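Here the protein sequences come in this chain order: W, R, D and S.
Quick note: the first sequence uses our numbering, first residue 48, plus one each step.
Quick note: the second sequence uses our numbering, first residue 82, plus one each step.
Quick note: the third sequence uses our numbering, first residue 477, plus one each step.
Quick note: the fourth sequence uses our numbering, first residue 1082, plus one each step.
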Amino acid sequence: MLTDYRSTIYHCLKCGACKQAFDIYMPICPSGMKYGFDSHYAIGRISLARAIIDGEINLDTALMHRVYTCTHCGACDEQCHNAVGVDPLRVIQELKYEAVDKGLIPPEVRDYLKNMNVYGNPYMLPAEDRGKWALNLDIKSFANQEYLFYVGDMGSYDALGQQIARSVAKALEAAGISFGILGDKEVTDGNDINLVGEKGLYEYFATANINLFKELSIKKIITLSPHAYNAFKNDYPAWGGDFEVQHYSQILAQAISNKKLKVKGIEKVKVTFHDPCFLGRHNKEYDAPRQILKAIPGVELVEMERSRNNALCCGGGGGNFFTDMLGSGTKSPSRIRVHEAIDTGAKIIATTCPKCFNMLDDAIKAENAEDQITIKDLSQFLL
Amino acid sequence: METKHLNELRENIFKCMGCGICRGVWERKDEAMCPVWATCLGFEDSTPRGRVTVAQDILDGVIDYSMPLAESLYRCTDCACCATTCDAMDPATGKPIVDVPKIVVASRMDIVENSLVPPPVRNYLKAVYVNGNPYKLPQEDRGKWAKGTEIPVFSGQDYLFYVGDVGSYDERGQKMARSVATLLIRLGVSLGILGNNELSDGNDVRVVGEFGLFQHLAESNISTFKDAGVRKIISLDPHSYNAFKNHYPQFGANFEVFHYTQILDDIIRDSKLFKAKGNNIKLTYHDPCYLGRHNGLYEPPRNILNKIPGLELIEMDRNKKSAFCCGGGGGNFFTDMIGGETNSPNRIRLREALDTGAHILAVACPLCAKMFEDAIKAENLEARLLIKDISEIVQEAIQG
Amino acid sequence: MTESSRNNHPLYSEIRSIVGPEHVTVDEFSRRAYTRAPFFSMGAGGRGKTPGIAVRPGSTEEIAEIVKLANKSRIPIVPRGGGGSVSPFPPLYIGGDDNILLDTQRLNRINIDTEHMTVTAECGVILSALAETVRKKGFQVHTVDVPIHMDSVGGVLSGFVGGGEPSDMATSGTMNNYLLGLKVVLPTGEIIQTGGGPGTNIHQEKFLHRDAGGPDMTGMFIGDGGAFGIKTEATFNIFPQPSIYLPGITDMGGDENMWKAFDELVKTAPYPYTRLLSFREGNGPWYFVHVIRAHSQEEADAKKKILQDICRKNGGKAATVGDQIMQIAGMFSARRLGQQTLPVGSTMTYFGEALVPKPRSLEYLKELNALLDETVGDLDIYKRVDFVVPYLRATTITGILLYFGKGTTRDEASQRMAKTAVKRMEELFTKYGGWTETHQGTSFAHTASAWSPTYKSFMQTIKKTLDPNDILMPGLWRI
Amino acid sequence: MKKDKNKIKQLLVSIVGQENISGEIPDLIPYIRDSYSTMMGRNIPLPDFVVMPETVDEVQKIVLLANDYLIPIYPRSIGVNIAGSALPYKEGGIVLDLKRMNKILEINEDTMTATIQPGVTWGQLRKEANKKKLDIIPIGGPYQTSPVGNHLLTNITPYSSKYHCDRAMTLKVILPNGKILRTGSWASEHGGDANPYFRYAYGPDITGMFRGSLGNFGIIVEMVERLRPVAPVEKEIVFGFKELGPCLKALQAIERLEFTRTCQVYNNILSAHLCLAPHRIKEPGEREKLLAKLPPYQLGIGLGGTEEMVALFEKITAEEAGKRGGYSVPVELELESVAKGASRAIMHMYAPLSGFAAIIGCLPITHVAEINDIVKEAVKKYDVRDPLTGEPQEHELIVIPYDRSSTVYVEQEILYDPAADRATLEPVMQCLRECYAKIVVQYGASHTIPNKTLMKMLVPSYGELLVNFKKMVDPNGIMLPGGPYSLE
């Protein structure tokens, strides 16, 4: 219930710290940057929430655009939490829950949820195809190996996602890590379902996953997507899903540091790293990916001004990758991000999330910047 | 209208930059102040700079002398503050290129020639012309001040002791004259007086612009002195001193002229006369304009006072070159054209003296003495401050 | 207007009843005494307008009364302070034959509050009086340098844009920065007081700070040439008198070295100097005259070291303080000015003195010198001195000081200059975004001509709002 | 004008484009709420539109439009809404959100100035300035505020202002009548653009007229802001004091030596909050632990200069402080960042629950101890509790010298939980009112931010002058009608 967050809402100082990152003083809110009005920043969303619980307005479809353009990237939280001690994200999340309960969600979100409901994936593809990415690669299905390698919807269905999934799998093998996959048995992790506010469906998938993992007596999980990592790590325990979860970048970083994984050098190149929100801000993993890059001979790591806890979201979070409420256009975060990357002088953007990969890849094309910069997943550096 | 006297100064008058420094600089130890400016008693035309402006206008024929202008001109006390503050000094003469006091006297001479003299001044001049003194008192009374003293009439002594109008007729002046004379005699100075044969020195007559009368007085005095065989003169009054020293020679005078403080200074320089006093009396000294700025005699009076045990001389902020005029100069002692009631120069100066914490205000000029006595009454300060002439102080010190 | 009609000036009796007979006059010689200002004949020639009546009010209230009278009869008022404007100041031009000249010399009271470090002075107070009174209490007030003995508080605050240049403007900016509040008689005769103190705050008898919390109305009346109101009282911050003033002179050689050092000094934080003045005679070497201000010997030494290091690094050599140099160094003191020029029967003037953006000062100076040679270079000039004085960090006062030979009278020089040079001089510094120093006097005509149309109309609206009957300094800035 | 609403919208769209104007309630609501309005429980009416212009030209067109249709305009620079200054008090106005005008047009190393737009924040400006060895002369507040916004409010700064005078040099303003006014040396028609770097030129100081005008006189679209050179060594030092009195005396004495860069006094409660991030304060015992080692009062001083100069200054300040019982304390990281010019840390003063009743006033330093006691007593009298622990509350105190006169800016915060019910808040409000009544009436402390309290204190003749000016500049009453500082 939104009213449960009354005090959080009332504690908003209206100071606008959520608009701009401290220390570097750059705009940080993807939806805010795109739409400008305060209503698209945390400060405005909380004002709206307050107006609702104060009974001045009702939560109705008119508000949906302001709510669902949020990519749940957590930048506002990062500022506000440390400055004033308020967590706007929780309030926005709650607004989404209520929107779903009241059946107010906008069509884009409804379609996304419908697909998840019907197909179990946003691509409206049959579940049997889930394993396809691994065809003609000898990757074992999970049978008591040490780890489960969980690829999720994108890794399973999205063309680029599949590439990344494969290259990660290769890397893991190269590192001599024993793992297996679930193939077509795999179920969506539901992270984004939750973020668009469909608690029930999320719980359904979550429990489904937990039961599956348990009956296959899975203890340790490696995820391809930071989103899945986030779901398993932070939400599943609530339903009794206690697994040792790691993102592949963490595993590979370890493997490299204890010499399990040999890294061959590449031609000298400047690389900048884009922190995925759900690996970085939401789970505070900033170093593992950078360790990997630093370990690669020939790679010169250059940072963008907005990096680590101040990283600018690619715009694909909070379900936006599928619903695209945020919309495209020159002011879309991914395109701004690409330019920021180019300004560092880097020739390659490295990332470690299939969503970010996708968003930025599109942005590069949209900006016709292919000849200036390309995007690579971490794992692709290792092959 | 007649402007010949002013015209003689034409060149310099038009050199004035009009910076206004001549008005004096407020509240500065090292700076004199024009009494008119300081007391805000006149419009710009009554300040030194304004007087130059007016002079320029007259010479340009834009304006004429007039009675009100005369009144403005006679407000000047000829204290020469402006002449010391002006920076444009002629390296040759050491005098300012634009000499305002000179300009004022010149204008006044024109005023007289154009017979635009304001009543108070006219009365003053008339009195001197008719009675030989501003007090309209008979010539026979001139000697009265010396009655009952052993002060001899001049008959070949070393010095002629010249007392002047104020010393002869004014009560305060007479007191001072007696004290100076008796003191000098007591100290073995051989001097005599002219008594009823004395004539006005005419200093202030000259300053108010009646040059003819001044010349007459000067020439009569000179012949009287010569006939009596006078060679050296001690004057009681700095005004007389100024006239004898600076303005008589042009009529063939060649006397040695002293102010009595110079003589005293000389005598007691190494005397053992004084009885040491226990209690320390604070006292301050006011420089008369005609002794100080006009003739540069700042030290003799101070030497004397410093010599006297039991006295502590405290200087006022504005002293010596920057001493603030008592308002009695330039004929104002008799004409009081400057006026000013509570704000009059003598009262301002008195308060300044009081601020030093002194109990005695020492003077060396009968006019100053009178001006301050009046001020004391006006301010009801009889209890707090005594006006004493230097000779009076010395007398007491000797008697112990 | 005939002499007789002057004698019955329409307002004579009413004004007389306000201020008393001895403080009002219609005598021509008296009125004309107000038509001259120092160096007046420079650039202008002749005298200013003769007022119809001169009055010396003794209090703010009296002034308010007079202003009300003026409004009734629509007769313009020209306020006057110390009469020290070193140039033809607007009052000399303003208004008609009936002008009321308001001589403020009787407003000369000073009130110091050492506990709260403020001084309140009436507008007629001569600045040296203010400075000295404050100094005697162990404090220091920022007043102007050159005309300190001539100008009054009111005159400087009205006549100088920014309220006048303190002797250490190089580091402490204009007098305006230390002004807490003003008591002003508005052109309507209403008395107001600005600043965060009495007059804006019903609960406050003390001046606390400049900001009344609302708009800063004080600044509105500074440098207004007296057109927006008659200032009758001003309250300033005062500061503890520093125990040490350490003057020095450094020979900086040629342009390049001088500028390197100059630039570095001006950018140094904190300022090692309190005053800095850079000048050269003819094509001789540049000299720095610098004054260090400190509260302890150690501080003075530390500052001196920094200053010397910067000078030395750029080839500076300590110079002996010769008369010649001191004389030039004293060119900003009007007193020395007299000493230098009058006795030798010569005359001097500033050529193209202007506030220009610091970075382009030398560039401006070069062009100015060229202009000088081209226009009045053939006048008998026996000495010319280039000078550059920093004004905080962004601006300098730059110009040339000219000494004319015996032969040249001031009028001759100024008329030649007015004819051939002045116009092009203005074009030149305007090109550099500069203006003829902060003095309303020399630049009041130029001032208005430089305004953008919007600015002009803005000033007009202000003037109309404050002075519906155009009573105060009508025609100032020709708006 | 309601009926024209669509027409007006069309016109606005034609000026700024579809995506930069909105009349939808959800977009408007955020602009009618800020700490002030929510604390005071004020209901602010809805504006008709929020518009986000990007260029001077657009702003000008909007103002002209507003004049044609007599629509109130409520400009706001970047939108730190704490003091109720940027709220649209009259129904049906235009909120002019200037956050898109966020360009730094020039940073001039030679004149040491920056030319900025209203949407530029202190932080943004500092970041750019630092690249050129320059720094801002900021206000005491957080850096996500904007210099232009602050110029329109007041000019409090912990920076000793004697050598930092006139932070705002010149302005480019859109007057309420739509004309573009340039002030200072910028006013020159032909030379202005060559030299917009000097405040006093060509007549009265018009730049000052806009300081503290809260936008009543026009919209500042460009401002030339003075920057300061960064000294080779810059250092923050802190002295601890047992008593407030001596601490203030030390501040006065040290300020009068004229070499400090920044200077401020705060009590242990404030510094504890500044040092602790809000979530850390919430951990039981954390604040107490810190309070135990913090001195009751602290004097923070910023020095600058060469190594030896700073050493010397440090020695002198230590002596002056020592004379008055001050002892040096290690500078906590956060405190240092505050001393350097507060940013995120200063936000902590509103923590833990961001409910704060601020008692602000400028008054002689000699009275600070007394008004500190007044607030103490009031807090006791109304039994205002600590929002976290429920214990009796001790309030926050910060003192900033105002120039080198003995006047200081004093801010005292009483913290509360905004989420608490009105009944719990009432005593806080009463306490606040009583404190203000006392320090305003007894000590004539003047508020620095234009507001209702200030208007109540205005002497009629002066108030009238302001109103006349308002009428003059804004005949149609376009700019911020109905606000706490409206000059109608």
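The beta carbon of each residue, even a glycine, is placed where N, CA and C say it ideally should be.
Note that the structure is a prediction, hence the values are computed from the model and not measured.
In the DSSP annotation of this structure, the continuous segment of the beta strand (DSSP E) that includes N1348/S starts and ends at T1343 to N1348. Taken in chain order, the region 1430–1461 of chain S contains no complete alpha helix (DSSP H) segment of 4 residues or longer. When only Cα atoms are considered, T694/D and T536/D end up about 17 Å apart.
Here the alpha carbon of S1095/S sits roughly 32 Å from the alpha carbon of I152/W.
By the criterion of a C-beta distance shorter than 7 Å, K363/R is surrounded in its chain by E393, I395, G438, A439 and H440, once the five residues flanking it on both sides are discounted. Here I1159/S is actually not in contact with D1115/S; their C-beta atoms are around 13 Å apart, not less than 8 Å. DSSP places E829/D in the strand class (E or B) of the three-state scheme. The straight-line gap separating the alpha-carbon atoms of I303/R and L606/D is approximately 51 Å. Within chain W, no residue has its CB atom less than 8 Å from the CB of D1129/S, the nearest being about 14 Å off. Nearest in C-alpha terms to K1323/S, of all of D1129/S, Q1379/S, P1277/S and W1203/S, is Q1379/S. For T650/D, the closest Cβ of chain S is nearer than 8 Å.
Counting C-beta atoms within 10 angstroms of its own C-beta, K66/W has 16 or more neighbours from the protein chains shown and is therefore classed as buried. Neighbours of N1101/S in chain W, taken as residues at a C-beta separation under 8 Å, are given in chain order as G83. In terms of beta-carbon proximity, T906/D lines the interface with chain S, with at least one pair separated by less than 8 Å.
Per DSSP, the continuous alpha helix (DSSP H) segment holding M201/W begins and ends at G199 to Y204.
DSSP places I90/W in the uninterrupted alpha helix (DSSP H) bounded by A89 to I100. Residue nearest to K525/D within the set E538/D, V601/D, H485/D and I576/D is I576/D (criterion: CA-CA distance). By the rule that beta-carbons nearer than 8 Å mark a contact, V1161/S touches chain W.
Close to F124/R, with beta-carbon spacing below 7 Å, are these residues of chain D in chain order: T501, S506, A509, A530, R532 and D579. Under the three-state reduction of DSSP, Q338/W is assigned to helix.
Around the Cβ of N790/D, a 10 Å sphere holds 16 or more other Cβ atoms; the residue is buried. Only buried fits P1169/S, as 16 or more other CB atoms lie within 10 angstroms of its CB. When the five nearest sequence neighbours on each side are left out, the beta carbons in the same chain lying within less than 7 Å of the beta carbon of M1430/S are those of L1351, H1354, L1355, E1477 and E1494, in order along the chain. Any Cβ of chain D closer than 8 Å to the Cβ of N1453/S would place that residue at the interface, and such an atom is absent. For H1360/S, the residues of chain W that pass the 7 Å Cβ criterion are H128 and G132, in the order they occur in the chain. Relative to the Cα of A275/W, the nearest Cα in the group D334/W, V310/W, G365/W and S264/W belongs to G365/W. For the 8 Å CB-CB criterion, V292/W and K307/W do not form a contact.
In this structure, A456/R places its C-beta atom within 8 Å of the C-beta atom of R428/R. If you look at R508/D, you'll find it in the alpha helix (DSSP H) that goes E504 to R508. Of the residues P866/D, I873/D and M901/D, the one whose Cα lies closest to the Cα of V852/D is M901/D.
Under the DSSP assignment, R430/R falls in the alpha helix (DSSP H) whose first and last residues are P426 to D436. Here the region 1308–1317 of chain S lies against the region 1382–1389 of chain S, with 3 or more beta-carbon pairs under 8 Å apart.
Contact between the region 282–299 of chain W and the region 378–391 of chain W is absent: fewer than three C-beta pairs spanning the two stretches fall below 8 Å.
Membership of E598/D in any alpha helix (DSSP H) is not indicated; the residue belongs instead to the beta strand (DSSP E) covering T594 to E598. Per DSSP, the unbroken beta strand (DSSP E) holding D862/D starts and ends at I857 to Y867. Positions of the beta strand (DSSP E) runs, each at least 3 residues long and wholly inside the region 688–767 of chain D, are given as 706–713, 720–729 and 751–757 in order along the chain.
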